[in-house]
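For the sequence shown, the UniProt record's numbering begins at 1 and goes up steadily by one.
Quick reminder that beta carbons are idealized off the backbone N, C-alpha and C, glycines included.
To start, the structure itself, in structure tokens.
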Amino acid sequence: MDTAGNGEDSRDITPSDLSSLTLQEASLSDITPTTTPSVASSTVPSGTATPSDDSIPPHRSHDRRNNLKRSDPFKFGSRYLEQGDDVFEFNAWDNVETDDTYKEFAEVQYAKQRESPVSDFDKHRFNSDPAKWWNLFYRNNTANFFKNRKWLQNEFPVLSTVTQPDSPPTTLLEVGAGAGNTAFPILSHNRNPKLKIHACDFSKNAVEVIRADSQYNEEYIRADVWDIAGTGEAALPPGLKEGSVDIVMMIFIFSALSPRQWNQAVKNIFKVLKPGGQVLFRDYGRGDLAQVRFKKGRYLEENFYIRGDGTRVYFFEKEELQQIWEHGCLPDEEQAEGEQDTDKPSTTPSAFFETANLGIDRRLLVNRKRQLKMYRCWIQGRFLKPIESSST
């Protein structure tokens, strides 16, 4: 299971879509104001130094030099949209809260989605064999469909650290490796001869794509089929022992699971990690445009949907993720009844993670030609297995 692009699913929205994007059946110009005030100071001729002004904060978006600067991880950029800025001056703005008009529109969309959920027949069809839909997806979309995730080392600096020539032996597990668009870029920059990547995916077709790549060398990377929510002997990935992994990467994969599978998945990750090991996590946040634009017949349950290709996607709240990783979760009675025959039962983990970082990455993408505004929302985190822990 894999999604691609700079923090987003290429099947949902990418910058190249902005010229023709419509949100559900309404244009964003119908739901968000397009007459944003601008000031002359927001335009600085190329090569002109920005005047020093103590009244302007260091992150002031009018400073073109700052607009090009990448901030520290989990601060998610420094191009802030402030009063007086022309929203259509740039293609994207960082850390932008959704406006009231968009929030109201989103709630209307959620209500419409709830009114027209997936039928019971289709709910069983999609939940009973999710591997089928991922295999179909990777049969139709090979490695060329995806963009390499070159941005990951900026978001998670530990990936740069472990690829240095003087780094110690490191075992890295990627869950939801897809077509290798995370693993291969890491290998291409790796100078650590003792780094080994285990790239696992739910889809056998995805694994075949990785194995067929010219960069595939089992001395440094091994690809296998693995269900992160597996039980018994299938709880650990092929070729890995309990407590043997230093880093687990989970980039847009947790959202593909049913809520009934979350606890088992967390338990399996805890089991395979070494004490002190860490999980690098990024996934969809509630209110993301990809959620708002779902049409009728796609709603499985609250925040959980079926895409047009049959794959599932969940949109998380920050507090919800912290609860899952630190304390586990129990499905409500209605959910348990609805899925008891289709998904593996999920036991509450008996050991939990510590949250090192957890933040919301909110961005406003704009189409300057059509004067459209589009809100994206992702959640990024690092979860640590306590050093004084034993897997259970």
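Please list, in chain order, all residues of the same chain as Ile269 whose beta carbon is under 8 Å from its beta carbon, the five residues on each side excluded.
By one-based count along the sequence shown, residue 269 stands at place 269. Excluding the 5 residues flanking it on each side, Ile269 has same chain C-beta neighbours closer than 8 Å at Val175, Ile228, Val248, Met250 and Val279, in chain order.
What is the residue span of the beta strand (DSSP E) that Asn367 lies within?
Locating residue 367 in the sequence shown gives position 367, where the first residue counts as 1. Judged by DSSP secondary structure, Asn367 falls within the beta strand (DSSP E) whose first and last residues are Glu354 to Asn367.
Rank Glu388, Pro117 and Leu364 by C-alpha distance to the C-alpha of Cys377 and give the top, closest one.
To locate residue 377, count along the sequence shown from 1; it is residue 377. In terms of CA proximity to Cys377, Leu364 leads the group Glu388, Pro117 and Leu364.
Residue interval of the alpha helix (DSSP H) (run including Pro130)
Along the sequence shown, read from residue 1 onward, the residue named residue 130 stands at position 130. Note, Pro130: alpha helix (DSSP H), Pro130 to Asn140.
Distance check for Val225 and Asn238, CA to CA, integer angstroms please.
Along the sequence shown, read from residue 1 onward, the residue named residue 238 stands at position 238. Along the sequence shown, read from residue 1 onward, the residue named residue 225 stands at position 225. It is worth fixing the name first, because residue 238 is Pro in this sequence and not Asn. Rounded to whole angstroms, the separation of the alpha carbons of Val225 and Pro238 is 8 Å.
Just how far apart, CA to CA, sit Leu384 and Gly243?
Here residue 384 corresponds to residue number 384 of the sequence shown, with the count starting at 1. Here residue 243 corresponds to residue number 243 of the sequence shown, with the count starting at 1. Cα to Cα, the separation comes out at about 13 Å.
Pairwise C-alpha distance: Glu97 and Glu218:
In the sequence shown, counting from the first residue as 1, residue 218 sits at position 218. In the sequence shown, counting from the first residue as 1, residue 97 sits at position 97. Rounded to the nearest whole angstrom, the CA to CA distance from Glu218 to Glu97 is 45 Å.
In terms of residues, what are the limits of the beta strand (DSSP E) holding Phe281?
Start at 1 with the first residue of the sequence shown, and residue 281 comes out as number 281. Unbroken beta strand (DSSP E) run through Phe281: Leu273 to Tyr284.
Decide if Glu155 is buried, meaning its Cβ has at least 16 other Cβ atoms within 10 Å, or exposed.
As a first step, residue 155 must be located in the sequence shown, where it is residue number 155. Answer is buried; the Cβ neighbour count reaches 16.
Whole-Å CB distance - Ala183 paired with Ala199, under 8 Å assumed:
In the sequence shown, the residue the question calls residue 183 occupies position 183. In the sequence shown, the residue the question calls residue 199 occupies position 199. Rounded to the nearest angstrom, the Cβ distance from Ala183 to Ala199 is 5 Å, consistent with a contact under 8 Å.
Assuming Phe316 and Asp361 are in contact, meaning their beta carbons sit under 8 Å apart, how far apart are those beta carbons, in whole angstroms?
Indexing the sequence shown from 1 puts residue 316 at position 316. Indexing the sequence shown from 1 puts residue 361 at position 361. Not really, about 12 Å apart at Cβ, beyond 8 Å.
Please go through the stretch 196 to 271 and give each complete alpha helix (DSSP H) segment of 4 or more residues, from N-terminal end onward.
Qualifying alpha helix (DSSP H) stretches, in chain order: 204 to 211.
Looking at the unbroken alpha helix (DSSP H) that takes in Val158, where does it start and where does it end?
The residue given as residue 158 occupies position 158 in the sequence shown. Where Val158 is concerned, the enclosing alpha helix (DSSP H) starts and stops at Val158 to Thr161.
Considering only residues of the same chain and omitting the five flanking positions on each side of Thr311, which have a CB-CB separation below 8 Å?
Here residue 311 refers to the residue found at position 311 of the sequence shown. Excluding residues within five positions, the ones whose Cβ falls inside 8 Å are Met1, Pro130, Trp133, Trp134, Phe137 and Ala256.
Closer than 8 Å by C-beta to Phe126: which residues in its own chain qualify, once you throw out the five before and the five after it? Chain order, please.
Locating residue 126 in the sequence shown gives position 126, where the first residue counts as 1. Non-local beta-carbon contacts of Phe126 in its own chain, meaning distances under 8 Å to residues more than five positions away in sequence, involve Val118, Trp133, Leu300, Ile306, Gly310 and Arg312 in chain order.
When we look at the beta-carbon of Glu334 and count the other beta-carbons within 10 Å, is it buried (16 or more) or exposed?
By 1-based counting over the sequence shown, the position of residue 334 is 334. Below a pLDDT of 50, predicted positions are generally treated as unreliable, and Glu334, at 39, falls in that range; no measurement from the model is reported.
From Asn192, Ser258, Ser160 and Asn190, pick the residue whose C-alpha is nearest to that of Glu124; which is it?
The sequence position of residue 124 within the sequence shown is 124, counting from 1. The displayed chain sequence assigns His, not Glu, to residue 124. If we check each option's Cα against that of His124, Ser258 comes out closest.
By how many angstroms is the C-alpha of Gly359 removed from the C-alpha of Ala290?
Here the question's residue 290 lines up with position 290 in the sequence shown. Here the question's residue 359 lines up with position 359 in the sequence shown. Taking the straight line joining both Cα atoms gives about 19 Å.
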